[in-house]
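Visitor:
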Amino acid sequence: MTAYHTILVDTDGSDRSYRVIDHAAELARASHARLLILCARHDIDAHTLGPDLDRLGPDAYQLRGTTPTDTILRTARHHATAHGATDITTHILAPPTLHALLHLAATTGTDLIVTGHPHRHPLLARWLPSLPIELARHAHCDILIVHAPPDNPPHLPPNPADRHSTTVP
1 MTAYHTILVD
11 TDGSDRSYRV
21 IDHAAELARA
31 SHARLLILCA
41 RHDIDAHTLG
51 PDLDRLGPDA
61 YQLRGTTPTD
71 TILRTARHHA
81 TAHGATDITT
91 HILAPPTLHA
101 LLHLAATTGT
111 DLIVTGHPHR
121 HPLLARWLPS
131 LPIELARHAH
141 CDILIVHAPP
151 DNPPHLPPNP
161 ADRHSTTVP
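Here the sequence shown is numbered in UniProt numbering, starting from 1 and rising by one per residue.
1. Starting from residue 10, trace the beta strand (DSSP E) in both directions and tell me its first and last residue.
2. Looking only at its chain, what residues have a beta carbon closer than 6 angstroms to the beta carbon of residue 132, apart from the 5 residues adjacent to it on each side?
3. Would the region 71–86 and the region 102–110 be scored as touching if the rule is three or more Cβ pairs under 8 angstroms?
4. Let me know the secondary structure DSSP gives residue 34 once reduced to three states.
5. Here's the rule: buried if 16 or more other CB atoms are within 10 angstroms of the residue's CB, otherwise exposed. What is residue 76?
6. Please determine, among 68, 85, 100, 16, the residue with the shortest C-alpha to C-alpha distance to residue 139.
7. Are the Cβ atoms of residue 29 and residue 6 separated by less than 7 angstroms?
8. Are the CB atoms of residue 90 and residue 37 within a distance shorter than 7 angstroms?
9. Do residue 149 and residue 130 come within 7 angstroms of each other at the CB atom, strictly closer than that value?
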């Protein structure tokens, strides 16, 4: 196994992305590597908050900025710590995420980028590029794509063949 010194992992705040964080943290613990957790900036839309911003007046600044991203990264750090990572750094990336991620990987000497599988429909996966595919094309380090199950797996209909099957003793 390659000894990794710096592992970079991205999160979007979904349960699936936190499972990817858990996996990356376990790798960081096993290899005594530094873990860099990053998240693309999620600004709060002032239009959505509308009346709430008016009511807060001078305190409205508390609802603006990177608060959602900070919350996502705080939760990700807790996940990483719970899974044994000790040297953890968080980063907020500005869009476009791919270019910012590759730049961060290059400037920090990242050995491994851990990302989640996007779980797209097979037809979409062929035509629309995904972050893991683009990373594999452009990154100058190892890429690990974690196949974490989707947050809400679709309900699969029962297999009709199972209804008519019988077991023989």
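We put the CB at the ideal spot given by N, CA and C, even for glycine.
Guide: Put simply:
1. Looking up residue 10 in the sequence shown gives position 10. Where residue 10 is concerned, the enclosing beta strand (DSSP E) starts and stops at 6–11.
2. By one-based count along the sequence shown, residue 132 stands at place 132. For residue 132, where only same-chain residues beyond five positions count, the Cβ hits under 6 angstroms are 115, 145.
3. no
4. On the sequence shown, position 34 is the one that residue 34 refers to. Note: residue 34 maps to strand in three-state DSSP.
5. Indexing the sequence shown from 1 puts residue 76 at position 76. Its Cβ being crowded by 16 or more others within 10 Å, residue 76 is buried.
6. Position 139 of the sequence shown, counted from the first residue, corresponds to residue 139. Cα-wise, what sits closest to residue 139 is 100.
7. In the sequence shown, the residue the question calls residue 29 occupies position 29. In the sequence shown, the residue the question calls residue 6 occupies position 6. No. Outside cutoff.
8. The sequence position of residue 37 within the sequence shown is 37, counting from 1. The sequence position of residue 90 within the sequence shown is 90, counting from 1. For residue 37 and residue 90, yes; Cβs fall inside 7 angstroms.
9. As a first step, residue 130 must be located in the sequence shown, where it is residue number 130. As a first step, residue 149 must be located in the sequence shown, where it is residue number 149. Cβ distance not < 7 angstroms, so residue 130 and residue 149 don't count as in contact.
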